[in-house]
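Note sheet for the following structure.
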Amino acid sequence: MTYRVGVDIGGSFTDFAVLDERDHSIRTLKVLSRPDQPGAEVLKGLGLLAERDGIDPRDISYFTHGTTVGINTVIQRKGIRLALLATRNFEDVLELARLKIPQIHNLYSRRPTPLISRDRVFSVDERSDRDGKVLLPVDRDSVVAALAQAQALGCEGIVVSFLHSYRNGANELAAKAILAELAPDMPVFCSSEIWPIIREYERTVTAVISGYVQPKVAHYLTSFENALTGLGVPVPPRITKSNGGVMGAAQAKAECVQMILSGTASGVIGAGFVAKASLLPKILSLDIGGTSADVAVIIDGQAEYGTGEVIGDFQIHIPSVSVTSIGQGGGSIAWVDDLGVLKVGPESAGSLPGPACYNRGGTRATITDAFVACGLVGHSELGYSAIHVDVARSNEVVGELADKLGMSIHDTAENIIRIAVSGMYADVSALVSRFGIDPREFHFLAFGGAGPMMAAFLARELNMRGVVVPPTPGVLSALGGLIADLKNDFIRTIYRDLDRDIENDLREAFGELDARGLAWLRDEQQFTGEHRISYSADVRYRGQSFEIETTLDPAWIAAGDVSAMCEAFHCQHERLFGHADRTATLQVINLRLVVAGRTPKPLMVEIARGDGSPPAAGTIQAYMDGEVRSMPVYQRKGMLAGQSFAGPAVVMQDDCTTCVLPGMRVDVDSFGNLVITSSDA
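Take any residue in the sequence shown, count from 1 to its spot, add 1: that is its number in this note's numbering.
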């Protein structure tokens with residue numbers, strides 16, 4: 002008897018999904034996270050699984066883990082104090098960025114403050130040309146001087162990003178060697194080692210984000226590994242990656258940027274699995290935890306992938322599930338600024354102290370407290386009985402804001418919810434525009450501890466088709482990590498015209514990437530099962546500034562069929578921009594390869610059928626849409642396929658609370674999903 006375990010550790014709760022390898026059934030659990038003592042939540046969760054379900058840690062055959070530690074560190078700007086070493090005369094790389102404002106239609110929009118301020122960027126005398134030839138070796142004295150200045154400013158780590166290091170990282174490695182000699186305890190992060198892509202800013206900001214979170218992530222993962230070893234778990238953990246796959250913990254510590262979207266990618270993979278099994282063709286996944294809300298596009302069960310995903314205020318230029326992360330979660334703190342304006346986030350109460358209603362020392366109102374003060378949450382325990390909701394504490398902290406604003410507690414609480422939804426609306430609208438989709442054709446698939454609580458409010462504003470709440474929404478990210486394939490990305494910059502002269506070079510380059518991918522899968526990850534390899538290239542018309550990733554058929558590469566590759570790009574360009582120039586010269590900038598080893602998947606089982614409405618567990622008085630309303634409360638457990646009921650209503654279950662608004666109805670589908678739509682639909 003063996004089990005595969007997926008664990009997702011968020012800012013507030015830690016979620017467990019356990020796959021029994023005998024019958025592919027799933028068990029779930031939720032406990033409070035312990036950022037003050039990493040690994041303690043794993044000990045507690047596995048202990049409860051042993052007590053409740055008889056799962057012995059020694060019977061665990063596979064262990065995956067997704068975490069939001071990295072992304073939350075960036076969103077809340079709580080990483081280490083970094084310095085940057087740059088090629089002389091290129092010190093303003095982070096300040097200049099791409100000279101774009103975040104919101105082009107907002108005259109008051111401001112570019113974010115870099116994670117490394119200009120006074121902590123230092124010059125190094127060195128130079129390589131665009132082909133990687135070293136024109137000027139690293140000047141030792143300039144590195145020594147930069148280190149001294151960085152230490153004087155209290156820097157805890159150094160990022161090294163030199164011009165053209167994507168072609169040849171020798172000068173970066175030389176500078177790193179000097180720094181290691183002079184300051185062996187100072188962590189150093191080279192852009193050429195982290196993700197060697199063309200374009201100075203993109204490569205630099207990716208390296209900065211990786212270095213910014215690395216010590217916190219590495220400390221966390223080490224504690225996590227120690228906790229598993231102490232419990233007798235016989236297998237090393239796998240860590241979920243930003244690209245929706247998994248990797249070993251050692252790689253995760255060294256390549257933190259690859260797991261910056263670890264928890265969010267896991268949720269998208271889980272949402273895609275549920276959507277495909279439930280025959281839901283167009284989905285926007287909505288994962289709201291304690292600190293952030295994450296949204297992704299899923300069509301026919303497949304998530305959209307790309308580079309340049311936004312993490313807090315910054316883009317990160319690695320292959321990843323296309324997720325928009327918003328600094329609004331159930332634990333986001335509401336506050337009144339110096340001008341008397343009510344604001345929400347991005348600071349979060351996390352799990353310690355957590356929202357005031359958790360009664361664990363929280364003293365400031367959060368989004369969750371607002372829902373409690375409105376009477377929508379607090380009618381049952383939360384997080385598999387981990388939390389006993391203190392309604393009086395929520396009213397107290399929301400009341401403090403109400404006094405400052407001269408409003409009632411109910412109105413203040415509802416305005417906190419409206420502000421949070423408004424912030425989410427703006428970012429989701431940008432995502433919708435980016436992919437050219439019509440939200441009226443899409444459902445939200447809501448999960449995370451706060452997703453079902455807030456989804457209906459946001460769906461109403463976006464005029465979406467509806468909301469789908471899966472059977473165990475609070476632990477879907479853990480399920481996603483559990484079913485994610487072993488996966489890694491490889492890239493090589495070639496910067497050549499896409500013509501007949503490139504045929505042999507393409508075969509040779511992809512052959513090298515093939516060898517690296519299989520070596521990673523077989524040797525480093527010790528995987529012997531079924532695998533797949535996919536190929537693509539970043540292609541553009543000559544003269545364009547940016548590329549489109551174009552999928553390549555392996556047969557084209559083997560046959561040197563450049564014409565087919567060109568046509569694939571033209572079709573992709575036409576799909577995205579409405580036109581193509583088949584007479585223009587094309588350039589291929591990067592070659593990409595993705596290798597993935599397939600992992601076992603659980604079974605989605607249809608539930609028993611019924612009719613009519615499920616029995617209400619009671620009736621509550623709650624404040625919604627500007628007035629106190631009487632509404633039924635339902636228990637999720639025991640609902641049958643085919644049953645339905647109207648809003649307003651509240652649905653309670655072990656891992657979350659679902660809010661249904663007036664004018665909406667809920668239908669229970671064959672797999673136990675709650676499908677929330679407009680009553681007029």
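C-beta atoms are modelled at their ideal positions from N, C-alpha and C, and glycine is treated no differently.
Assigned secondary structure, residue i (DSSP; H/G/I helix, E/B strand, else coil)
i: Trp336; result: strand
i: Thr369; result: helix
i: Leu594; result: strand
i: His532; result: strand
i: Val298; result: strand
i: Ser243; result: coil
i: Glu256; result: coil
i: Arg99; result: coil
i: Val19; result: strand
i: Ile284; result: strand
i: Ala41; result: helix
i: Ala51; result: helix
i: Lys638; result: coil
i: His66; result: strand
i: Arg77; result: Rather than Arg, the amino acid found at residue 77 in this sequence is Gln. Correct three-state label for Gln77: coil.
Residue burial classification, residue i (beta-carbon count within 10 angstroms, cutoff 16)
i: Asp524; result: exposed
i: Gly309; result: exposed
i: Ile76; result: buried
i: Val606; result: exposed
i: Thr586; result: exposed
i: His318; result: buried
i: Gln527; result: exposed
i: Asn505; result: exposed
i: Leu281; result: buried
i: Cys572; result: exposed
i: Val342; result: exposed
i: Pro440; result: buried
i: Asn227; result: exposed
i: Thr88; result: buried
i: Val692; result: In the structure as shown, the chain starts at 2 and stops at 682, and residue 692 therefore has no counterpart that could be examined.
i: Arg239; result: buried
i: Ala393; result: exposed
i: Ser110; result: exposed
i: Thr74; result: buried
i: Asp24; result: exposed
i: His165; result: buried
Cβ separation of residue i and residue j, assumed to be a contact under 8 angstroms, to the nearest whole Å
i: Met625; j: Leu662; result: 7 angstroms
i: Gly424; j: Gln329; result: 5 angstroms
i: Ser211; j: Phe225; result: That pair is no contact at about 19 angstroms.
i: Met665; j: Val634; result: Rounded, the Cβ-Cβ distance is 16 angstroms, inconsistent with contact.
i: Arg466; j: Gly530; result: Their Cβ separation, rounded to whole angstroms, is 38 angstroms, which puts Arg466 and Gly530 out of contact at 8 angstroms.
i: Cys660; j: Ala451; result: Actually they are not in contact, since the Cβ atoms of Cys660 and Ala451 sit about 10 angstroms apart, beyond 8 angstroms.
i: Val206; j: Leu95; result: 7 angstroms
i: Phe443; j: Leu285; result: 5 angstroms
i: Gly1; j: Leu477; result: No statement about residue 1 is possible, as the shown extent of the chain runs from 2 to 682 and does not include it.
i: Pro216; j: Pro188; result: 7 angstroms
C-beta contact flag for residue i and residue j at 8 angstroms
i: Val596; j: Asn489; result: yes
i: Ala41; j: Thr29; result: no
i: Asp515; j: Ile534; result: yes
i: Tyr536; j: Phe570; result: no
i: Gly611; j: Gly643; result: yes
i: Met455; j: Thr658; result: no
i: Leu86; j: Ala176; result: yes
i: Ser293; j: Ala266; result: no
i: Leu487; j: Leu522; result: yes
i: Ser326; j: Tyr306; result: no
i: Pro615; j: Met640; result: yes
i: Asn169; j: Ser129; result: yes
i: Ala447; j: Val468; result: yes
i: Ala618; j: Leu377; result: no
i: Ile368; j: Val345; result: yes
i: Ile388; j: Gly400; result: no
i: Glu485; j: Thr241; result: Per the sequence shown, the amino acid found at residue 485 is Ala instead of Glu. A contact, by the Cβ cut-off of 8 angstroms.
i: Arg200; j: Gly155; result: no
beta-carbon residue i near the ligand ZN non-hydrogen atom, thresh 7 angstroms
i: Ala516; result: Of ligands this structure carries none, so the ligand ZN is not represented either.
Problem set entry | Whole beta strand (DSSP E) elements within the segment 424–476, 3-residue minimum | If we require 3 residues or more, the beta strand (DSSP E) runs fully inside the segment 424–476 come out as 444–448 and 467–470.
For this session: Could I get the ranges of all uninterrupted beta strand (DSSP E) runs contained in the segment 102–186, with 3 residues as the minimum, in chain order?
Result: Every beta strand (DSSP E) stretch that sits fully inside the segment 102–186 and reaches 3 residues is listed by chain position as 122–125, 135–137 and 158–162.
Problem set entry | Sequence ranges, beta strand (DSSP E) only - wholly within the segment 482–566, length at least 3 | Listed in chain order, the complete beta strand (DSSP E) runs (minimum 3 residues) inside the segment 482–566 are 487–498, 532–542 and 549–553.
Exercise. Counting only runs that start and end within the segment 565–632, where is the beta strand (DSSP E) found for 3 or more residues in a row?
Worked result: Runs of the beta strand (DSSP E) spanning 3 or more residues and lying entirely within the segment 565–632 occur at 587–598 and 619–625, in chain order.
For this session: Mind listing, in chain order, the continuous beta strand (DSSP E) runs of no fewer than 3 residues lying wholly within the segment 399–425?
Result: Taking only runs of at least 3 residues, no beta strand (DSSP E) segment lies wholly in the segment 399–425.
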